[in-house]
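Structure first, commentary second.
2 protein chains.
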Amino acid sequence: MGKQMTEMLKGTLEGIVLAILAVQPAYGYEITARLRDQGFSDIVEGTVYALLVRIEQRGLVDVAKVPSEKGPPRKVYTLNALGGEYLEEFWRTWTFLAERIEKLHHHIENPQEEGT
Amino acid sequence: MGKQMTEMLKGTLEGIVLAILAVQPAYGYEITARLRDQGFSDIVEGTVYALLVRIEQRGLVDVAKVPSEKGPPRKVYTLNALGGEYLEEFWRTWTFLAERIEKLHHHIENPQEEGT
DNA sequence: CTCAACTACTTAGTGTTGCTGACTACCACT
DNA sequence: AGTGGTAGTCAGCAACACTAAGTAGTTGAG
Numbered sequence: 000m001g002k003q004m005t006e007m008l009k010g011t012l013e014g015i016v017l018a019i020l021a022v023q024p025a026y027g028y029e030i031t032a033r034l035r036d037q038g039f040s041d042i043v044e045g046t047v048y049a050l051l052v053r054i055e056q057r058g059l060v061d062v063a064k065v066p067s068e069k070g071p072p073r074k075v076y077t078l079n080a081l082g083g084e085y086l087e088e089f090w091r092t093w094t095f096l097a098e099r100i101e102k103l104h105h106h107i108e109n110p111q112e113e114g115t
Numbered sequence: 000m001g002k003q004m005t006e007m008l009k010g011t012l013e014g015i016v017l018a019i020l021a022v023q024p025a026y027g028y029e030i031t032a033r034l035r036d037q038g039f040s041d042i043v044e045g046t047v048y049a050l051l052v053r054i055e056q057r058g059l060v061d062v063a064k065v066p067s068e069k070g071p072p073r074k075v076y077t078l079n080a081l082g083g084e085y086l087e088e089f090w091r092t093w094t095f096l097a098e099r100i101e102k103l104h105h106h107i108e109n110p111q112e113e114g115t
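Protein chains in written order, with numbering that gives the first Met the number 0: chain S, 0 to 115; chain D, 0 to 115.
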C-alpha cells in the first residue's frame, strides 16, 4: 500500500491488534491472518510478532502456550484488565484524532461552511 | 495528551498540515497556532518546522519568504500540484484505515453482528 | 528417506517520525 | 538595556513498522 500506510499504522496497529484480542484471544500467526482478512494485506508477520512482544512486556496481555497440531506451540494472547484500559484510551485518542481529521477533510470539500 | 497520540500522529500529522495548507497558504508559526486552535494543543513548534522542511524537500509545497512586521521573515508554504496529489493519496490511505478501525470499534460494541 | 511447504515464532538491523530542549534573530515596549 | 512575543533552526532521542534471515515443528510428495 505504500509508505503513507506504513507511517499511519504507527501507533494504530497496536490498537488494532488489541481490538482484535478484545474480541477473542488469539495467537500471532492467527492475528496476522486476521489482519490480512480485514484488508491489511501487506502487514508482515515480523511486525505483528514484535508488537505482541511489546504489549506482553507492558503487561497488556496474558500469554498461554498452547500446543499446536501443525508446528511449534502457539502463544495465545488474551487481553487483560490493563490491556482493556489501554484499549479504551486508544479509542479515546483515535476518536479525538479522527474527528479532527474528518473535520479537515470535510472543510476542504466544503470550504464555504466556516465554523469558527 | 500522551504517548498514544504521539505515535498516532506519526504519518497523520503530515497529512493534517498538508490539509491545512490546502485550505490556504500559511507559514510555520501560523500553522502551529492553527493546529493548537483545532485541538492539537501539545504539538510543539519544533515538530511542525521539521515537518515543513521535509515536505519542502520532497517538493510537495512551494515556499516564499515574506517579510514580517513582527520578527524574522516568514516562510510561507503553498501546496503545489505534487502536494495535492500526495494529499489525495493521504485521504485514500486515511479513509481505508479509518473504515477498518471503525469497523473494529463497532464490532466490539456489537459483537452479535457477525459479518463474515 | 529427503526435500519442499506450511505452521509458528524469533531476532538483528534500518528508516521515518515526532518530541525535547536549546539556540539564533528580529521587533516593540518598558 | 532588558523582557516578551514573533519566527525559524538544529542536535539528539525514543518509538514504531519494515526487511530479511533464521529456528523449529509437522505433513506430504518424490
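We put the CB at the ideal spot given by N, CA and C, even for glycine.
Assigned with DSSP and collapsed to three states, Leu81 (chain D) falls in helix.
Between Ser40 (chain D) and the set S:Glu87, S:Arg99, S:Asn109, S:Ala25, the nearest pair of CA atoms involves S:Arg99. Counting along the chain, the unbroken beta strand (DSSP E) around Asp61 (chain D) starts and ends at 60 to 67. The beta carbon of Gln37 (chain S) sits closer than 8 Å to some beta carbon of chain D.
Remark: three or more beta-carbon pairs, one from each stretch, lie closer than 8 Å, so the stretch 39 to 55 of chain D and the stretch 71 to 83 of chain D are flagged as touching.
Boundaries for Gly38 (chain S): no alpha helix (DSSP H) harbours it, and the DSSP string shows neither H nor E there. Think of a sphere of 9 Å around the beta carbon of Val22 (chain D): the chain S residues whose beta carbon falls inside it are Leu103, His106, Ile107, Pro110, in chain order.
For Lys2 (chain S), the enclosing alpha helix (DSSP H) begins and ends at 2 to 8.
Setting aside the 5 residues that flank it on each side, Tyr26 (chain S) is surrounded in the same chain by Arg73, Lys74, Val75, each with a C-beta closer than 6 Å to its C-beta; the list follows chain order.
Residues of chain S with a Cβ closer than 9 Å to the Cβ of Glu87 (chain D) do not exist, since the nearest Cβ in that chain sits about 10 Å away. In this model, Leu34 (chain D) and Met4 (chain S) are separated by some 22 Å (Cα to Cα).
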